[in-house]
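Read left to right, the sequence shown gives residues 34 to 188 (this note's numbering). Backbone N, C-alpha and C define an ideal beta-carbon position, used for all residues, glycine too. Please read all numbers here as calculations on a predicted model, not as lab measurements. Have a look at the structure below before the remarks.
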Amino acid sequence: MKVFMMKFFSSIRPLAIAALGFFTLASGQALALEMGDAEAGDRIFRRCKACHATGEGAGNGVGPMLNGILCRPIGSVEDYRYSNPMQERAAEGGNWTVEALNDYLENPSEYLDGRSRMTLKLRKEEDRLNVIAFLAQLNADGTTLAAGEDVATCE
Ligand code: HEC
34 MKVFMMKFFS SIRPLAIAAL GFFTLASGQA LALEMGDAEA GDRIFRRCKA
84 CHATGEGAGN GVGPMLNGIL CRPIGSVEDY RYSNPMQERA AEGGNWTVEA
134 LNDYLENPSE YLDGRSRMTL KLRKEEDRLN VIAFLAQLNA DGTTLAAGED
184 VATCE
């Protein structure tokens, strides 16, 4: 019996490990990033304003205008000339989800796997999530979401 049990356990071990791997992966995916604090993000955004405009009638500066950036397709402002790595990423498709923005803002060039024209890095995740929460309140036309209106969710 003992021998049988040992055999049994050694044969299910790889399976158990595979299952464990699956569960960590699944729970990792379920752990979506929380939205930050938009008011604190407004203060962080002062550091972005040197290059980015928002609000009604906002145009491009050194960087593209950021109205409606949450869920906006990556590198998609038509009259803005993005860096080559950004153009390549845009061609792959995809939208600026909270997760993508969080990764990009931490280190734009690393995110693009090439040299982004944006050199500013936000090292602290709290700052990144706060500025994302601030940006998430801006509609595509530059108006701000009405109180109580939900921010967009996107893939
Ligand atoms: C010194 C100028 C500069 C500053 C400061 C700056 N950016 Fe940028 N940003 C850029 C440039 C230039 C690009 C275009 C990047 C490229 O083409 O590689 C860009 C691109 C972006 C994009 C992608 C836009 C798109 O259309 O896909 C986002 C999002 C962004 N910046 C957010 C921010 C935020 C948030 C901050 C402040 C925390 C910030 N940026 C600060 C210059 C700047």
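Requested in this report: Locate the alpha helix (DSSP H) running through Gly-74, then write down its first and last residues.
Outcome: Residue mapping note: residue 74 aligns to position 41 of the sequence shown, counting from 1. Looking at the DSSP string, the run of the alpha helix (DSSP H) that includes Gly-74 is 71-78.
**Report entry** Among Asp-112, Pro-141, Gly-175 and Pro-97, the one whose alpha carbon lies nearest that of Thr-152
**Finding:** Here residue 152 refers to the residue found at position 119 of the sequence shown. The residue with the shortest Cα to Cα distance from Thr-152 is Pro-141.
Query raised in the report: Grouping DSSP H, G and I as helix and E and B as strand, with all else coil, what is Leu-135?
Result: Your numbering for residue 135 matches position 102 in the sequence shown. Here residue 135 turns out to be Asn, not Leu, going by the sequence shown. In the three-state reduction of the DSSP assignment, Asn-135 falls in the helix class.
Query raised in the report: When the Cα atoms are used, what is the spatial distance from Glu-125 to Leu-103?
Result: In the sequence shown, the residue the question calls residue 125 occupies position 92. In the sequence shown, the residue the question calls residue 103 occupies position 70. Approximately 18 Å between the Cα atoms of the pair.
Query raised in the report: In whole angstroms, what separates the C-alpha of Asp-183 from that of Asp-75?
Result: The residue labelled residue 183 in the question sits at position 150 within the sequence shown. The residue labelled residue 75 in the question sits at position 42 within the sequence shown. Rounded to whole angstroms, the separation of the alpha carbons of Asp-75 and Asp-183 is 18 Å.
Query raised in the report: Would you say Leu-178 and Val-164 are within 9 Å of each other, going by their C-beta atoms?
Result: Here the question's residue 178 lines up with position 145 in the sequence shown. Here the question's residue 164 lines up with position 131 in the sequence shown. No; because the gap between Cβ atoms is not below 9 Å, this pair is not in contact.
Requested in this report: Go ahead and label Asn-100 buried or exposed: buried means 16 or more other beta carbons lie within 10 angstroms of its beta carbon, across all protein chains shown.
Outcome: As a first step, residue 100 must be located in the sequence shown, where it is residue number 67. Asn-100 should be labelled buried.
Query raised in the report: Closer than 8 Å: is that where the CB of Ala-83 sits relative to any heavy atom of the ligand HEC?
Result: Position 50 of the sequence shown, counted from the first residue, corresponds to residue 83. Yes, the ligand HEC has a heavy atom inside 8 Å of this Cβ.
**Report entry** Any non-hydrogen atom of the ligand SAH within 8 Å of Met-151 CB
**Finding:** Absence of the ligand SAH is noted for the structure shown, with the ligand HEC being the only ligands found.
Query raised in the report: Sorted by chain position, which residues of the same chain lie with C-beta nearer than 7 Å to Arg-122's C-beta, five sequence neighbours on each side aside?
Result: Within the sequence shown, residue 122 is the residue found at index 89, counting from 1. Cβ within range, chain order: Ile-107, Gly-108 and Leu-145.
Query raised in the report: Can you name, in chain order, every residue of its own chain whose Cβ lies under 7 Å from the Cβ of Gly-61, other than the five neighbours on each side?
Result: As a first step, residue 61 is located in the sequence shown; it is residue number 28 there, counting from the start. Bear in mind that a pLDDT of 41 at Gly-61, under 50, signals an unreliable position, so the model cannot answer this.
Report task. In the DSSP assignment, find the unbroken alpha helix (DSSP H) run with Gln-120 in it and report its ends. Result -> Counting from one through the sequence shown, the residue named residue 120 turns up at place 87. Element bounds for Gln-120: 117-125.
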